[in-house]
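*Asks:* Numbering (the UniProt record's numbering), first residue to last: 1 to 443. For each residue, glycine too, the CB sits at the ideal point set by N, CA and C. This structure is a prediction, so every number in the text was calculated from the model and none was measured.
#1: Is it true that the CB of residue 265 sits closer than 9 angstroms to the CB of residue 349?
#2: Report the rounded CA-to-CA distance for residue 160 versus residue 295, giving the unit in angstroms.
#3: Please report the distance separating the alpha-carbon of residue 112 from that of residue 157.
#4: What's the call for residue 424, buried or exposed, on a 16-neighbour Cβ count within 10 Å?
#5: Closer than 6 angstroms by C-beta to residue 226: which residues in its own chain qualify, once you throw out the five before and the five after it? Chain order, please.
#6: Going by the CB atoms, is the gap between residue 201 and residue 447 shorter than 9 angstroms?
#7: Can you pull the DSSP bridge partners for residue 166?
#8: Please list the segments of the alpha helix (DSSP H) lying wholly inside the region 265 to 315, counting only runs of 4 or more residues, in order along the chain.
#9: Can you check DSSP and say which residues form a bridge with residue 36?
#10: In angstroms with no decimal places, state the Cα-to-Cα distance between residue 289 and residue 260.
#11: Which of the three DSSP states is assigned to residue 136 in this structure?
#12: Using 8 angstroms as the threshold, is the region 243 to 263 in touch with the region 417 to 434, meaning 3 or more CB pairs across them?
#13: Just confirm the distance between the C-beta atoms of residue 366 and residue 240, as a whole number of angstroms; I'd bet it's less than 8 angstroms.
#14: Please list, in chain order, all residues of the same chain as residue 174 whose beta carbon is under 6 angstroms from its beta carbon, the five residues on each side excluded.
#15: How many angstroms separate the CA atom of residue 205 from the CA atom of residue 212?
#16: Could you check how far apart the C-beta atoms of residue 26 and residue 105 are, in whole angstroms? I think they sit under 8 angstroms.
#17: Does the pairing of the region 309 to 320 with the region 35 to 53 give three or more beta-carbon distances under 8 angstroms?
#18: When the distance is taken between beta carbons, is residue 80 closer than 9 angstroms to residue 193?
#19: Please state whether DSSP places residue 437 in a helix, a strand or coil.
#20: First and last residue of the alpha helix (DSSP H) that includes residue 357?
#21: Please determine, among 358, 272, 82, the residue with the shortest C-alpha to C-alpha distance to residue 257.
#22: With DSSP as the reference, label residue 141 as helix, strand or coil.
#23: Starting from residue 423, trace the beta strand (DSSP E) in both directions and tell me its first and last residue.
#24: Determine the burial state of residue 216: buried for a count of at least 16 other Cβ atoms within 10 Å of its Cβ, exposed for fewer.
#25: In angstroms, rounded to a whole number, what distance separates the CA positions of residue 120 and residue 356?
#26: Does the beta-carbon distance from residue 327 to residue 283 come in below 9 angstroms?
#27: Assess contact between the region 324 to 343 and the region 300 to 313, defined as three or more Cβ pairs (one per stretch) separated by less than 8 angstroms. Is contact present?
#28: Is the region 44 to 61 close to the region 380 to 400, with three or more CB pairs under 8 angstroms?
#29: In whole angstroms, what separates the C-alpha of residue 85 from that of residue 441?
#30: In chain order, what residues of the same chain have a beta carbon less than 8 angstroms from the beta carbon of residue 230, not counting five sequence neighbours either side?
#31: In the DSSP assignment, what are the bridge partners of residue 326?
#32: Start and end of the alpha helix (DSSP H) containing residue 66?
#33: Just verifying my parser: in three-state terms, what is the DSSP assignment at residue 207?
#34: What number of angstroms, rounded off, separates the C-alpha of residue 114 from the C-alpha of residue 18?
#35: Counting along the chain, where does the beta strand (DSSP E) carrying residue 378 start and finish?
#36: Helix, strand or coil: which one does DSSP assign to residue 83?
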């Protein structure tokens, strides 16, 4: 059942990057200067998100041509995405975080590596050196004037290249970033925008007065909680990639169906069965076993189609909220698999319009953050690798990851379109338990 990367592949620790140029890209025309409101979901996500998109060589689009094409296209894109060329600031009257849409520009870097793309190994396996494919700041600018987006094009000796992008999470969630990439690809090909971005973040403003109508067990105030999910850990962690093939996932679905008799609310999807398996392994790998300990799983739910009326699919801001599943360790260990899938299902089912509005209102009243034992962060179905650029689709697209025991990542597989890679970081003793539970879950 599944495979585990017991030994990490040999990883190149230094990609021998030479940065040739760093510049700013501005919109081609003056845009209206204004302040862009940030929702309560946006404003707690003030941290960078780094993604790398690897491309093989293309006869008509060598890296230097791609770099020039991207510079021109990104400039055009800063008209409909005017907030992206702005800067984060605090509202002078309320102190609330917002974007000053001042056309100050985004960053753009051109670099080269001494390696060929095939030399850098397994693209799926997280390599800290991939961080060298990201330009994290523009050194000529002060810290409070850093761009909200920086793009770096790194050429490889083979003619392939990587497009590394860092954005502030306040600008996009995964779905809106995918649409941004679709629009980038469309304009680069001389086509109209694939989607007209909806930049009205007031659509997710809190109600006046705010009304919190649910207990929101998935949220905790900063001052009375254990460190929230965003806090890093100082523990030494083991790291492993657990690969589930499309056949493995089909077997998980069959297992859920076989035990679903009394659990009619179980929605048997790929994400739900994989998440249920992860929850089982994570909850029972706890260093100090306690059958009465409550395990809380968190995962993100897209609220665009759940609101009344629904948000436009092209809403550019963060429109995801945290769903949760909770159970005692004893129940997780003894329950039929369908029951675990049902509990995961209930997390998303709970996310109605009123629940989402209540969670947004909660963020208006309290300073807090999602709080649980761990978060499943899924990049599995976002489709970054399906974006069709003039120079073709990426060989692979992935975030630059870091080791966190409270975040388990789901990545697409490079060979099996419906398979998934589960990236787990845990202290050694817990990792050993997790791996044994994962291996032995199926007879």
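*Replies:* So, from the listed chains and residues:
#1: With a cutoff of 9 angstroms on beta-carbon distance, residue 349 and residue 265 are scored as near each other.
#2: In a straight line, the C-alpha of residue 160 is about 45 angstroms away from that of residue 295.
#3: Distance between the alpha carbons of residue 112 and residue 157: 8 angstroms.
#4: Flag for residue 424 reads buried.
#5: Residue placement at residue 226 is flagged as unreliable, the pLDDT there being 43, under the threshold of 50; a coordinate-derived value is accordingly withheld.
#6: No statement about residue 447 is possible, as the shown extent of the chain runs from 1 to 443 and does not include it.
#7: According to DSSP, which records beta bridges pairwise, residue 166 is partnered with 50, 150.
#8: Fully enclosed alpha helix (DSSP H) runs of 4 or longer: 270 to 283.
#9: Paired residues: 99.
#10: A direct Cα-Cα distance of roughly 28 angstroms separates residue 289 from residue 260.
#11: Coil at residue 136, not helix or strand.
#12: Counting Cβ pairs under 8 angstroms, three or more are found: they touch.
#13: The pair is not a contact, with the Cβ atoms about 36 angstroms apart (cut-off 8 angstroms).
#14: Exclusion of the five residues before and after residue 174 leaves 382 as the residues of its chain whose Cβ lies within less than 6 angstroms of its Cβ.
#15: Taking the straight line from one Cα to the other gives about 14 angstroms.
#16: Contact flag correct, Cβ pair sits at about 5 angstroms.
#17: By the Cβ test, the region 309 to 320 is in contact with the region 35 to 53, since at least three Cβ pairs between them sit closer than 8 angstroms.
#18: Taking 9 angstroms as the Cβ cut-off, residue 193 and residue 80 qualify as a contacting pair.
#19: Residue 437 falls in the helix class under three-state DSSP.
#20: Its alpha helix (DSSP H) spans residues 353 to 365.
#21: Comparing alpha-carbon positions, the option among 358, 272, 82 lying closest to residue 257 turns out to be 272.
#22: Looking at residue 141 - three-state DSSP - the assignment turns out to be coil, as it is neither helix nor strand.
#23: That run of the beta strand (DSSP E) goes 420 to 426.
#24: Burial state of residue 216 is buried, judged by a 10 Å Cβ sphere holding 16 or more other Cβ atoms.
#25: Residue 120 and residue 356: Cα-Cα distance of roughly 43 angstroms.
#26: Taking 9 angstroms as the cut-off, the beta carbon of residue 327 is found closer than this to the beta carbon of residue 283.
#27: Result no; under three Cβ-Cβ pairs closer than 8 angstroms.
#28: Under the three-pair Cβ rule at 8 angstroms, the region 44 to 61 counts as touching the region 380 to 400.
#29: Per the coordinates, the alpha-carbon of residue 85 lies some 49 angstroms from the alpha-carbon of residue 441.
#30: Residue placement at residue 230 is flagged as unreliable, the pLDDT there being 45, under the threshold of 50; the coordinate-derived value follows with that caveat. Contacts found: 47, 369.
#31: For residue 326, the beta-bridge partners assigned by DSSP are 296.
#32: Where residue 66 is concerned, the enclosing alpha helix (DSSP H) starts and stops at 63 to 77.
#33: Of the three classes helix, strand and coil, the one that applies to residue 207 here is coil, per DSSP.
#34: Going by the C-alpha atoms only, they are around 8 angstroms apart.
#35: Where residue 378 is concerned, the enclosing beta strand (DSSP E) stretches over 374 to 378.
#36: Assignment of residue 83 by DSSP, reduced to helix, strand and coil, places it in the helix class.
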